[in-house]
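Undergrad:
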Amino acid sequence: MLNSKVAQLLNEQITKELYSAYLYLDFSVFYEAQGLDGYANWYMIQAQEERDHAMLFMKYLQMCGEKVSLGAIDKPDKVLNTLMDPLVAGLEHEQYVTSLINDIYAAAYDVKDFRTMQFLDWFVKEQLEEEKNADDLIKKMELFGGDSKGLYSLDAEYAARIYTAPSLVLD
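Residue 740 in the numbering used here sits at position 158 of the sequence shown; the count goes up by one each step and never skips.
(1) So Leu584 packs on Glu632, CB below 8 Å; how close in whole Å?
(2) From which residue to which residue does the alpha helix (DSSP H) around Ile627 run?
(3) Quick one: is Thr746 buried, meaning 16 or more other Cβ sit within 10 Å of its Cβ, or exposed?
(4) Taking a contact to mean a Cβ-Cβ separation below 7 Å, would you say Ala690 touches Met699 in this structure?
(5) Do the CB positions of Glu676 and Ala716 come within less than 7 Å of each other?
(6) Kindly confirm or deny that the stretch 599-612 and the stretch 719-733 touch, where touching means at least three C-beta pairs closer than 8 Å.
(7) Helix, strand or coil for Tyr745, going by three-state DSSP, please let me know.
(8) Which of the three DSSP states, helix, strand or coil, is assigned to Lys714?
(9) Which residue's Cα is closest to the Cα of Ala622: Glu713, Ser749, Ala742?
(10) Do the stretch 705-716 and the stretch 658-666 meet, that is, are 3 or more Cβ pairs less than 8 Å apart?
(11) Once the 5 residues before and after Ala671 are set aside, which same chain residues still bring their CB inside 7 Å of it?
(12) Going straight from the alpha carbon of Val588 to that of Gly727, what length do you get?
(13) Would you mind reading off the limits of the alpha helix (DSSP H) that contains Ala615?
(14) Should Phe609 go down as buried or exposed, given a rule of 16 or more other Cβ atoms within 10 Å for buried?
(15) Which same chain residues end up closer than 6 Å to Pro748 when comparing Cβ atoms and leaving out the 5 residues on each side of it in sequence?
(16) For Ala654, which option in Ile683, Thr680, Ile596, Met666 has the closest C-alpha, if you only look at C-alpha atoms?
(17) So Asn593 and Ser681 are in contact, right, with Cβ under 8 Å, and what is the actual spacing, rounded?
(18) Of the choices Leu665, Tyr642, Asp718, whose alpha-carbon is the least far from that of Leu673?
And the structure:
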C-alpha cells in the first residue's frame, strides 16, 4: 500500500499529464492553422507522449493496488498569437511538470517509499529532456524563425519526427 499523500499526488499527476496532452494538441492545432505541419507534428507527438505518461502513472497505481481516480481535464487557456507563443508556453509548462514530479518524489522520500522513488527516476530524467527540447525549440525559432527559408527548414525538420513510446516497463 502506498502512503495516502503519495497515492493522491500520483492520481493527480494522471490528470495533469492528460492536461499536458490536451495542451499540446492545442499547440498542434495552432501550428496546423499557420500552415506549419512540422511544428504541428512535433506537438502531436508531444501529446502522445504525455498521454502515455498518464498511462504509466495509472498502471503504477494499479500495480500497487491503489484506486485510480480520474479528474476533469481543464481546457487549455494559453493565448496563442505568434509562432513563439506555444514554444514559450511549452517550456513554462514543462518546468511546471518538473516541479510536480519533484513534489511527488519529495513526498515519497519523506515516507521512505523507495519503490515510488525508483519509478519516478525515469520521469526525473524525462523532464530534463523535455525542458531541453522545449528550450531548443525556442532557441532555433529565435535564430532561424524570422527568415522564411529558415522557418521552412525548421518545419521540415520537425515534420520528420516520429513517435517513440516511453521505454519505462512496468510489467
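Ideal Cβ positions, reconstructed from N, Cα and C, are used throughout, including at glycine.
Please read these numbers as outputs of a predicted model, since none were measured by experiment.
TA: From the atom records:
(1) Along the sequence shown, read from residue 1 onward, the residue named residue 584 stands at position 2. Along the sequence shown, read from residue 1 onward, the residue named residue 632 stands at position 50. That belief does not hold up - the Cβ atoms of Leu584 and Glu632 are roughly 23 Å apart, past 8 Å.
(2) Taking the sequence shown and counting its residues from 1, the one referred to as residue 627 is at position 45. Run containing Ile627: 619-645, per the alpha helix (DSSP H) assignment.
(3) Your numbering for residue 746 matches position 164 in the sequence shown. By the neighbour-count rule (16 or more Cβ atoms within 10 Å), Thr746 is not buried but exposed.
(4) If you number the sequence shown from 1, residue 690 lands on position 108. If you number the sequence shown from 1, residue 699 lands on position 117. Their beta carbons are under 7 Å apart, which means Ala690 touches Met699 by this criterion.
(5) Taking the first residue of the sequence shown as 1, we reach residue 676 at position 94. Taking the first residue of the sequence shown as 1, we reach residue 716 at position 134. Taking 7 Å as the Cβ cut-off, Glu676 and Ala716 qualify as a contacting pair.
(6) no
(7) Along the sequence shown, one-based indexing puts residue 745 at 163. Of the three classes helix, strand and coil, the one that applies to Tyr745 here is coil, per DSSP.
(8) In the sequence shown, the residue the question calls residue 714 occupies position 132. Helix.
(9) In the sequence shown, counting from the first residue as 1, residue 622 sits at position 40. Among Glu713, Ser749, Ala742, the Cα nearest to that of Ala622 belongs to Ala742.
(10) no
(11) Stepping through the sequence shown from its first residue, residue 671 is reached at position 89. Cβ neighbours of Ala671 beyond the five flanking positions: Lys660.
(12) Translated into positions along the sequence shown, residue 588 becomes position 6. Translated into positions along the sequence shown, residue 727 becomes position 145. Cα to Cα, Val588 sits roughly 43 Å from Gly727.
(13) Counted from its first residue, the sequence shown places residue 615 at position 33. Per DSSP, Ala615 belongs to the alpha helix (DSSP H) from 586-615.
(14) Sequence index remark: in the sequence shown, residue 609 carries index 27 (1-based). Classification of Phe609: buried, given that the 10 Å Cβ count is 16 or more.
(15) Here residue 748 refers to the residue found at position 166 when the sequence shown is read from its first residue. So the list reads Asp634, once near-sequence residues are dropped.
(16) Taking the first residue of the sequence shown as position 1, residue 654 is located at position 72. Ranking the options by Cα distance to Ala654, first place goes to Ile596.
(17) On the sequence shown, residue 593 is found 11 positions in, with the first residue counted as 1. On the sequence shown, residue 681 is found 99 positions in, with the first residue counted as 1. That pair is no contact at about 17 Å.
(18) In the sequence shown, the residue the question calls residue 673 occupies position 91. Nearest option by C-alpha distance: Asp718.
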